[in-house]
Amino acid sequence: MSSSLVLLLSSCLIGSSNAFLSIPKSGVAVISSSLHAAPAKKVHILPTEEDVTTAVHRIVESSAKEAIASRGHFALAIPGGSVLKVLSTLEPSSDWVEKTTLAFVNHKCVAVDDVSSAIEAQAREKFLNRWGLTDVVSLSGTGDGEKEAAEYESKLKALPDSKLPRDADGFPFLISP
């Protein structure tokens, strides 16, 4: 399951640079043909919410430990919604948080401290502050989508490869050690 999560998070992170594409006047956004659905054998269906939570906790913990053992650092990209709820119940079992960089995907153009709508504010309230995770790639919190996207992309590109590995074309990706 670890490689499935890494693939999912990688797809989310890679896609984040296109998150603020202008929607054509027709109202139909162009979707990259390079994005594909996960193969069915990589999709895991668990019977209960508790089982999903336990599985995600195990995946995050083991992926963090493997990444740190392999390259000394762990990069995690998260969306909002149910992922925040699941991570809010995770109690890190080791010091991996100290060696973790967190990025967000599918951010809204709102003030980053607005708990009612900003993923970062919600994450800080639900678990980041409790975990002590401080290496967070943040948005500026303006309503200017193009500016926010450009600045966020610059912040991600400024991270050293030791924190955020990249492919041959320079796009961020998460690797499984």
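According to mature numbering (1 follows the signal peptide of the UniProt record, and there is no 0), the stretch in the sequence shown is residues -19 to -1, 1 to 158, in order. Note that the Cβ used here is the ideal one computed from N, Cα and C, for glycine as well. Note that the coordinates shown come from a computational prediction; the quantities given were computed from them, not determined experimentally.
When you compare only the Cα positions, how much space is there between residue i and residue j?
i	j	result
residue 37	residue 90	28 Å
residue 142	residue 112	24 Å
residue 95	residue 149	37 Å
residue 170	residue 99	Any property of residue 170 remains undetermined from this structure, which presents the chain solely from -19 to 158.
residue 109	residue 58	13 Å
residue 26	residue 39	16 Å
residue 127	residue 134	11 Å
residue 115	residue 67	19 Å
residue 147	residue 72	29 Å
residue 69	residue 151	32 Å
residue 30	residue 47	26 Å
Are the CB atoms of residue j and residue i within a distance shorter than 7 Å?
i	j	result
residue 65	residue 22	no
residue 92	residue 122	yes
residue 74	residue 42	yes
residue 129	residue 140	no
By Cβ distance, which residues of its chain are closer than 7 Å to residue i, with the 5 residues on each side in sequence left out?
i	result
residue 45	55, 77, 81
residue 137	84, 118, 145, 153
Nearest to residue i by alpha carbon, out of the options?
i	options	result
residue 104	131, 79, 35, 63	63
residue 49	67, 79, 26	79
At which residues does the beta strand (DSSP E) containing residue i begin and terminate?
i	result
residue 29	It is not in any beta strand (DSSP E) - residue 29 carries neither H nor E in the DSSP assignment.
residue 57	55 to 59
Starting from the C-beta of residue i, find all residues in its chain whose C-beta is less than 6 Å away, skip the five residues before and the five after it, and write them out in chain order.
i	result
residue 35	none
residue 19	none
residue 2	Its pLDDT being 33, under 50, residue 2 is placed unreliably by the model, and the measurement read from it follows with that caveat. Excluding sequence neighbours, residue 2 sits near nothing in its chain.
residue 33	27
residue 161	Since the first and last residues shown for the chain are -19 and 158, residue 161 lies out of range.
Span of the alpha helix (DSSP H) holding residue i?
i	result
residue 139	126 to 139
Note down, in chain order, each residue of its chain lying with its Cβ closer than 8 Å to the Cβ of residue i, except the 5 sequence neighbours on either side.
i	result
residue 124	90, 91
residue 132	120, 121
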